[in-house]
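One line per chain: the protein sequences are A and B, in this order. Residues 2 to 218 in the numbering used here are what the first sequence lists, from first letter to last. Residues 2 to 218 in the numbering used here are what the second sequence lists, from first letter to last. We put the beta carbon where it would ideally sit given N, CA and C, even for glycine.
Protein chains: 2
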Amino acid sequence: MSRASDRAYRKIRSFILSGEVRPGMQLTEERLSEISGVSRTPVRDAVQRLENEMLLVRSASKRLSVADWSNDEIDEMFTLRAMLESHATERAALRMDADSLRRLREINEVLTNSVNRPEPDITTFLDANRQFHDLILACAQSPRLSKLLPALVEQPVVNRTANQYSQEDLIQSGTDHDELIAAFAAKDQVWAGAVMTSHIRRAFHSFSGATRSTVED
Amino acid sequence: MSRASDRAYRKIRSFILSGEVRPGMQLTEERLSEISGVSRTPVRDAVQRLENEMLLVRSASKRLSVADWSNDEIDEMFTLRAMLESHATERAALRMDADSLRRLREINEVLTNSVNRPEPDITTFLDANRQFHDLILACAQSPRLSKLLPALVEQPVVNRTANQYSQEDLIQSGTDHDELIAAFAAKDQVWAGAVMTSHIRRAFHSFSGATRSTVED
DNA sequence: TCGCGTTCTATTGTATACAATTGCGGTCCG
DNA sequence: CGGACCGCAATTGTATACAATAGAACGCGA
Numbered sequence: 002m003s004r005a006s007d008r009a010y011r012k013i014r015s016f017i018l019s020g021e022v023r024p025g026m027q028l029t030e031e032r033l034s035e036i037s038g039v040s041r042t043p044v045r046d047a048v049q050r051l052e053n054e055m056l057l058v059r060s061a062s063k064r065l066s067v068a069d070w071s072n073d074e075i076d077e078m079f080t081l082r083a084m085l086e087s088h089a090t091e092r093a094a095l096r097m098d099a100d101s102l103r104r105l106r107e108i109n110e111v112l113t114n115s116v117n118r119p120e121p122d123i124t125t126f127l128d129a130n131r132q133f134h135d136l137i138l139a140c141a142q143s144p145r146l147s148k149l150l151p152a153l154v155e156q157p158v159v160n161r162t163a164n165q166y167s168q169e170d171l172i173q174s175g176t177d178h179d180e181l182i183a184a185f186a187a188k189d190q191v192w193a194g195a196v197m198t199s200h201i202r203r204a205f206h207s208f209s210g211a212t213r214s215t216v217e218d
Numbered sequence: 002m003s004r005a006s007d008r009a010y011r012k013i014r015s016f017i018l019s020g021e022v023r024p025g026m027q028l029t030e031e032r033l034s035e036i037s038g039v040s041r042t043p044v045r046d047a048v049q050r051l052e053n054e055m056l057l058v059r060s061a062s063k064r065l066s067v068a069d070w071s072n073d074e075i076d077e078m079f080t081l082r083a084m085l086e087s088h089a090t091e092r093a094a095l096r097m098d099a100d101s102l103r104r105l106r107e108i109n110e111v112l113t114n115s116v117n118r119p120e121p122d123i124t125t126f127l128d129a130n131r132q133f134h135d136l137i138l139a140c141a142q143s144p145r146l147s148k149l150l151p152a153l154v155e156q157p158v159v160n161r162t163a164n165q166y167s168q169e170d171l172i173q174s175g176t177d178h179d180e181l182i183a184a185f186a187a188k189d190q191v192w193a194g195a196v197m198t199s200h201i202r203r204a205f206h207s208f209s210g211a212t213r214s215t216v217e218d
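Structure follows, in structure tokens:
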């Protein structure tokens, strides 16, 4: 979208993810327009996008509030993501070209280096990770998937989790990616899809293990 | 959404589906506001929704045009729908209560009656069919799915196809639904999911068989 | 004091005017 | 005659003012 609209989207998004506002809390459009520094018109565009990503929800009568996900919803989110992203991976396996494969290797090189050190560089890891998954999605060549998946991946969880990952988890991610690359090289869609499924399911369990047990403490 | 916005959405939608405009054709926001009889502001809301459903696309520089789906995209659409809707069905199988089950039977009774006659009543069929699938989706109790699926089902294809279905196809739909109901009654999620998958895949092949061969003629 | 209705206020929805951007066409120079 | 540049027209993007609606607070009567 356009400049103001995008600006609003990013500002509001990071505002929500920063944790300054608690789930369930009301947010008026006017408030959001103050936050993002643009008028309500582009704010409304941004809000509609955030509603689709379910970061914002419209309460009974049109009032906006920050989404509050139940555990069941988070489970479901990972499940759907695993389904769709492994499907994307299967498609990508059939359509992968040499250049993309090379690029995937480069990206994963960066990712691996960022975690194979005493103090993992989370920012670099997240960035490389995103690039890796994005490139696969692009190779899947499915406009629909490209529209649906991002709303599911939506960093909320990804980002919140990355800090909770243990270093072994991060290293394992790099290993998963290596195996994905091997599957792509072999043009084996079943293999590739399966690796992606377990990659995501593992992330899910690391996540739910970490956060939920701490909540219960 | 609100009144004008919804009105715009429906008007534009039916305008596109009516076939008055051909895929790829440009549509200015002003034109759309004339069609729907409201100002550009609510039109833009509606447009954003239609973009998500991929009935409209924004070409290179923000100009709107009617979406033009490749065969591959239509295949993908059915594939995704089958994946997600059978997943929804699996969830529903675990959560189905007696009332909903009864209601499903009622709806399918209507559906079956509408096609078991010399001249099938397509309108009634479509309406009952939609209710049937909607109720299952509701029983799945997954806000995410409820958001994702409709954008995929989106009558475009459903409606265009219904007229192309042979009477046997329509009757078979009713039979599929009966089997779904049996699976729900048995609380067998695997069974239910499988029936839904084949239900949709059959629709897909009826569709692509009908339309694509005629195109090639 | 409780329940109900009424008014007032906060919030969202719509229209319109204006700004910015992009495409198109015409013209001028080589 | 061809190509590039410049300027106008069409289209989208943004702001603001106003309308409609839903919620809350207040007061009145039973």
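The beta carbon of B/K148 sits closer than 8 Å to some beta carbon of chain A.
Proximity to B/S101 across B/A83, B/V67, B/A141 and B/L65 peaks at B/A141, based on C-alpha coordinates. Assignment of A/S3 by DSSP, reduced to helix, strand and coil, places it in the coil class. Neighbourhood of B/S37 in chain A, by CB distance below 8 Å: empty, with the nearest CB roughly 17 Å away. For the segment 70–81 of chain B, the beta-carbon criterion of a distance under 7 Å to any beta-carbon of chain A is satisfied by E74, E77, M78 and L81.
Three or more Cβ pairs closer than 8 Å define a contact, and the segment 78–90 of chain B meets that threshold against the segment 81–89 of chain A. Each residue's CA atom was taken as its position, placing A/Q190 and A/A89 some 10 Å apart. Listed by position along chain B, the residues whose Cβ is nearer than 9 Å to that of A/Q173 form an empty set, because the closest Cβ is around 27 Å away. Taking 8 Å as the upper bound for CB-CB distance, A/E52 and A/R45 are not in contact here, some 10 Å apart. Taking C-beta separations shorter than 6 Å and ignoring five residues to either side along the sequence, B/D98 has no partners in its chain. Against chain B, the CB of A/N114 has no partner CB under 8 Å away; the residue lies outside that interface. In this structure, A/R23 keeps its C-beta atom at 8 Å or more from the C-beta atom of A/E31. B/R104 and B/S147 have their C-alpha atoms some 19 Å from each other. When the five nearest sequence neighbours on each side are left out, the beta carbons in the same chain lying within less than 8 Å of the beta carbon of B/K188 are those of A94, L95 and M97, in order along the chain. As computed with DSSP, A/V154 is found in no beta bridge at all. At a Cβ-Cβ threshold of 8 Å, A/A68 and A/Y10 do not count as neighbours.
Rounded to whole angstroms, the separation of the alpha carbons of A/E180 and B/S19 is 48 Å. Per DSSP, A/L56 is not a residue of any beta strand (DSSP E), being assigned neither H nor E. Scanning A/A61, A/L153, A/R8 and A/L57 for the CA closest to the CA of A/E35 turns up A/R8. For B/N130, no Cβ of chain A is located within less than 8 Å of the residue's own Cβ. The beta-bridge partner set that DSSP reports for B/Q27 consists of B/S66.
With 16 or more neighbouring CB atoms inside 10 Å of its own CB, B/T80 falls in the buried class. B/S167 carries a coil assignment under DSSP once its states are collapsed to helix, strand and coil. Taking C-alpha positions only, B/G25 is separated from A/L149 by approximately 22 Å. Under the Cβ criterion of 8 Å, B/M197 is not counted among the residues facing chain A. A straight line joining the alpha-carbon of B/R118 with that of A/R145 spans about 38 Å. By the rule that beta-carbons nearer than 8 Å mark a contact, B/Q190 does not touch chain A. Residue nearest to A/F185 within the set A/W70, A/I137, A/S66 and A/I13 is A/I137 (criterion: CA-CA distance). Nearest CB-CB separation between B/S143 and chain A: below the 8 Å threshold. Looking at the DSSP output, B/S60 bridges to B/R64.
Taking a Cβ-Cβ cut-off of 8 Å, the neighbours of A/D46 in chain B comprise R45 and Q49, given in sequence order. A/S40 carries a coil assignment under DSSP once its states are collapsed to helix, strand and coil. Among the CB atoms of chain B, none fall inside 8 Å of the CB of A/M97. Separation of B/S71 and A/E169 (C-alpha to C-alpha, rounded to the nearest whole angstrom) is 44 Å. Boundaries cannot be given for B/S71, as no alpha helix (DSSP H) includes it and DSSP labels it neither H nor E.
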